[in-house]
Each structure stands twice: as C-alpha cells, then as structure tokens.
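Have a look at the structure below before the remarks.
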DNA sequence: GACGTGACAGCGC
DNA sequence: GGCGCTGCCACGT
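In this note's numbering, the protein residues as written are 13 to 123.
Shown next, in the form of structure tokens:
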C-alpha cells in the first residue's frame, strides 16, 4: 500500500462517517488492514487539504479523547448530537460508528 | 539521507 | 478509570 493510497482511503472513510457518529484512528487503521498505523491516520488528516471538506472532527482517539488544542471540535460534535462524558471525552459506547457487522467494537465498548 | 516530531494504540501501574 | 511509557510509521526540516 502506497502512502498516497493510504491517505486517500483515510479521506474516503472519514468522508462517509455518518452525521452524529464518530470513529477512532485505530478503527480506521483496522479498516485499512494496518492496525499498527493508527498514527498515520492522524497524520493523514493533519495533512488533509481543506477543500476535501472532511468531517475530521468525527475522528477521535481510542479513548474518545478529542484533538488537543482544537476546542471547536467538541462544539461541532455536540451540535451533531454526539454524547459526551463528564470528563469531556466522547462517549464511544453511544456514538461510535459501527461501519459493519464487526463485533470487535461492540465487545470493546459494550455497545 | 538522518533526525525529531506527532490529531495514536496498547499495556502496566 | 486515569496517567505514563513504549512502539509504530509517515512528514517536514
């Protein structure tokens, strides 16, 4: 898999995240078949051109933690009806996007 | 081409 | 459940 392909796939996946749902870097990496490249997902989004208009605010870390120093992200998510916990993290159990019949995340987050 | 950096995940405490 | 350490890989300098 080339870098460019990897990035394009990341952009594609992010672009199809449904409204009001979130997903994680690790999940995207898993979908690409490279679960060890979670950091690259974040890196790809960081380098994503603005005109892609990606809903990258719907991508959070595996713990539901938001992007550091990007407070607008929380506003955007809450506007979409995403659930938050008391500690300010996203409630993945309620708002994670299950892209398929995979039960990995159901087990992990006890959906 | 080498080195430092980072929008992370996983594991242990 | 929260915090810190380590491994990972692409990017920018």
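Glycine included, each C-beta is placed from N, C-alpha and C at the ideal position.
- For the pair residue 34 and residue 70, the CB atoms are nearer than the 9 Å cut-off.
- The C-beta distance from residue 53 to residue 76 rounds to 16 Å, too long to meet the 8 Å contact threshold.
- In chain order, 95 place their CB closer than 6 Å to the CB of residue 106, counting only its own chain and leaving out the 5 sequence neighbours on each side.
- At the C-beta level, residue 78 and residue 89 come within 9 Å of one another.
- Taking the Cα of residue 50 as reference, the smallest distance to any Cα among 37, 57 and 61 is reached at 37.
- For residue 75, there is no enclosing alpha helix (DSSP H), as DSSP gives it neither H nor E.
- Sorting 100, 93 and 25 by C-alpha distance to the C-alpha of residue 83 places 100 at the top.
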